[in-house]
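A.B. asks: I have a structure here, written as structure tokens, and I will follow up with some questions on it.
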Amino acid sequence: MDKDFQYFLNYLFGGSVVLPLLAGLIKWKKIDNSYRPLFIAFAGLLLNETFRYILIRNGIGERSIASYNYFVLVLMWLYIWQFASWKVISYQWLWAIGGTLTLLWFADYFVLDGWMIHVRRLWFRIAFALALVILAIQCINGLIVAERENMLRNPKFLFCIGLIMYYTYRIFNDAFTLRGFSNEFLKQINDLNRYLVVVQYLIFLIAAICIPRKKNFLQLS
20 MDKDFQYFLN
30 YLFGGSVVLP
40 LLAGLIKWKK
50 IDNSYRPLFI
60 AFAGLLLNET
70 FRYILIRNGI
80 GERSIASYNY
90 FVLVLMWLYI
100 WQFASWKVIS
110 YQWLWAIGGT
120 LTLLWFADYF
130 VLDGWMIHVR
140 RLWFRIAFAL
150 ALVILAIQCI
160 NGLIVAEREN
170 MLRNPKFLFC
180 IGLIMYYTYR
190 IFNDAFTLRG
200 FSNEFLKQIN
210 DLNRYLVVVQ
220 YLIFLIAAIC
230 IPRKKNFLQL
240 S
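Quick note on our numbering: the sequence shown kicks off at 20 and runs consecutively.
This is the structure we're talking about:
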């Protein structure tokens, strides 16, 4: 397959985040503010995918890795902020978890092996993915106890399912890489990423469509 076409195809896979983003933007003024960190994250993902694609097409693909390594820190804060907005964790825990992961990010890219921002590192990514999976499971447990509606139409449940599916895969993928599995095996596992990304964003799209309108409270005079 032609490399330019492969790069474009990969961009389309990653850029499919535009689907839940557009669904959120259409309903932006009508949805509860507690969902907004997710759509800010989606906008950031789309911008970063576009920026990386431009860098690759201009022959400076090594900088595209650095751009994601910087952005993944922002993405981490947005996702954890989302769980705090849903009251899955307190804002004290938001700062505790986010601060700990930020320190790990800094150590992984700048301390453990020196300046490695242009390299795909794994320790922070595994910790970030594990934190998201745990928070998503905690959120689902709370929904099971508190909600009586059909979970398949619950936007929080759907968002969490998308996160659990994708980031569980990322944990195993990065763990296999750390353990030094064969390149052929790792390539087969890595090839799943582009398809799981699309599945995740389609789940997010359904979740975005299911977000109810925010309630308007009329003040009685």
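Note that beta-carbon positions come from the ideal geometry of N, C-alpha and C, so glycine has one too.
1. Tell me which same chain residues have a C-beta within less than 6 Å of the C-beta of residue 136, skipping the five on either side of it?
2. Where does residue 105 land, buried or exposed, given buried means 16+ other C-beta within 10 angstroms?
3. Report yes or no: do three or more beta-carbon pairs, one from the segment 175-183 and one from the segment 193-212, lie closer than 8 Å?
4. Please name the residue, chosen from 46, 34, 145, 25, that lies closest to residue 229 on a Cα-to-Cα basis.
5. Could you say if the segment 218-227 and the segment 40-57 meet the contact criterion of at least three C-beta pairs nearer than 8 Å?
6. Around the C-beta of residue 237, are 16 or more other C-beta atoms found within 10 angstroms, so that it is buried, or is it exposed?
7. Report yes or no: do three or more beta-carbon pairs, one from the segment 58-65 and one from the segment 109-128, lie closer than 8 Å?
8. Expressed to the nearest angstrom, what Euclidean distance is found between the alpha-carbon atoms of residue 201 and residue 49?
9. What is the residue span of the alpha helix (DSSP H) that residue 218 lies within?
10. Looking at residue 122: is its Cβ nearer than 8 Å to the Cβ of residue 95?
11. Measure the Cβ-Cβ separation of residue 148 and residue 189 and say whether it is below 8 Å.
12. Can you tell me whether residue 223 is buried or exposed, with buried defined as 16 or more other CB within 10 angstroms of its CB?
13. Verify whether the separation of the beta carbon atoms of residue 110 and residue 72 is less than 8 Å.
14. Provide the residue(s) that pair with residue 232 in DSSP beta bridges, ordered along the chain.
15. Closest by CA to residue 92, which one among 118, 132, 103?
16. Going along the chain, which unbroken runs of the alpha helix (DSSP H) with 4 or more residues stay wholly within the segment 90-161?
17. Near residue 124, what residues of its chain come up, given a Cβ to Cβ distance below 6 Å and the 5 sequence neighbours on each side ignored?
18. Where does residue 219 land, buried or exposed, given buried means 16+ other C-beta within 10 angstroms?
19. If you run the structure through DSSP and keep just helix, strand and coil, what is residue 164?
20. Counting C-beta neighbours from all protein chains within 10 Å, is the total for residue 199 16 or more, i.e. buried, or is it exposed?
21. Near residue 197, what residues of its chain come up, given a Cβ to Cβ distance below 7 Å and the 5 sequence neighbours on each side ignored?
22. Over what stretch of residues does the alpha helix (DSSP H) that includes residue 75 continue unbroken?
23. Please report the Cβ distance between residue 154 and residue 107, rounded to the nearest whole angstrom; I am assuming they are in contact, meaning their Cβ atoms lie under 8 Å.
C.D. replies: According to the data block:
1. 85, 88, 128
2. buried
3. Verdict: no, contact absent.
4. 46
5. yes
6. With a pLDDT of 44 at residue 237, under the threshold of 50, the modelled position of this residue cannot be trusted, and the question is left open.
7. no
8. 50 Å
9. 202-229
10. no
11. yes
12. buried
13. no
14. 50
15. 118
16. DSSP runs (the alpha helix (DSSP H)) wholly in the segment 90-161: 110-129.
17. 92, 143
18. The residue is buried, with at least 16 neighbouring Cβ atoms inside 10 Å.
19. helix
20. exposed
21. 141
22. Per DSSP, residue 75 is one residue of the alpha helix (DSSP H) stretching across 55-76.
23. 6 Å
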